[in-house]
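Here the protein sequences come in this chain order: A and B. Just so you know, we're using the numbering used here here: the first sequence kicks off at -4 and counts up by one. Just so you know, we're using the numbering used here here: the second sequence kicks off at 607 and counts up by one.
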Amino acid sequence: EADIYQTPRYLVIGTGKKITLECSQTMGHDKMYWYQQDPGMELHLIHYSYGVNSTEKGDLSSESTVSRIRTEHFPLTLESARPSHTSQYLCASSDPGPGIDEQFFGPGTRLTVL
Amino acid sequence: AQRVTQPEKLLSVFKGAPVELKCNYSYSGSPELFWYVQYSRQRLQLLLRHISRESIKGFTADLNKGETSFHLKKPFAQEEDSAMYYCALMAGGFKTIFGAGTRLFVKA
């Protein structure tokens, strides 16, 4: 079934740890995105990718990094987690076909850094 | 600057009452606007897009370029409409800018 997956769904981790948030999609989409969302606030684009080996930073500065080695996989890594990284992270993908891109969202990862 | 403003964080209406969720945008180009919705314990998903001029679940939204608005309306709210609603602007390329969202609560 075509879907977009994020793991883990919840993560509580100590300061200084390296973490990777996983995002995979079986939608066959080329474009993928990472958003950061604090409670009650808007979604902020932190990374996006046009396709394999293409990654760009979004509007919100983030200490995280991403990679796109395979079309279906777009992991996000924090080398050294800090309490300021506590947030919800949403992964999305879209199809650049004719018409306007509709973004499909994963379930999100809620990260808490102690 | 490109911006999407949803002035109401919370909107509470009675079942059967009309509902209007406000959205204003700031963009110098030709806007492509969307409404996304997130129901409780579900993912964020597209509700409707202005280019389609469609009615989804009884909701409609009209782009008013003069007022730079894209308000979401429904004549008779239902309890199942209770959710978080986000207005979004695709601003060139494929960057999408989201508003802060409005939580709609429909009371029985």
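For each residue, glycine too, the CB sits at the ideal point set by N, CA and C.
Listing by chain order, which chain B residues have their CB less than 7 Å from the CB of M36(A)?
Neighbours of M36(A) in chain B, taken as residues whose beta carbon is under 7 Å from its own, are A706 in chain order.
Near Q608(B), which residues of its chain fall below 7 Å by C-beta distance, leaving aside the five closest residues on each side in sequence?
So the list reads S632, Y633, L695, A697 and I703, once near-sequence residues are dropped.
Answer with buried or exposed for K680(B), where buried requires no fewer than 16 other C-beta atoms within 10 angstroms of its C-beta.
So K680(B) counts as buried.
Decide if the stretch 68 to 83 of chain A is in contact with the stretch 18 to 35 of chain A; the criterion is three or more beta carbon pairs, one per stretch, under 8 Å apart.
Taking a cut-off of 8 Å for Cβ pairs, the stretch 68 to 83 of chain A and the stretch 18 to 35 of chain A touch, as three or more such pairs fall below it.
Is any non-hydrogen atom of the ligand FAD found closer than 6 Å to the C-beta of Y45(A), if you look at the structure I gave you?
This structure simply doesn't include the ligand FAD, nor any ligand for that matter.
For the stretch 646 to 663 of chain B, enumerate the residues whose C-beta is nearer than 8 Å to any C-beta of chain A, in chain order.
So the list reads R649, L650, Q651, L652, R655 and I657, given in the order they occur along the chain.
Go ahead and pull the three-state DSSP assignment for K42(A).
The sequence shown places His at residue 42(A), not Lys. Strand at H42(A).
Verify the CB distance criterion: does E67(A) have a CB-CB separation below 7 Å to chain B?
No, no contact with chain B.
Does the distance from the CB of T60(A) to the CB of V47(A) come in under 7 Å?
No, these two residues do not count as a Cβ contact at 7 Å.
List the DSSP bridge partners of M36(A).
In DSSP, M36(A) forms no bridge with anything.
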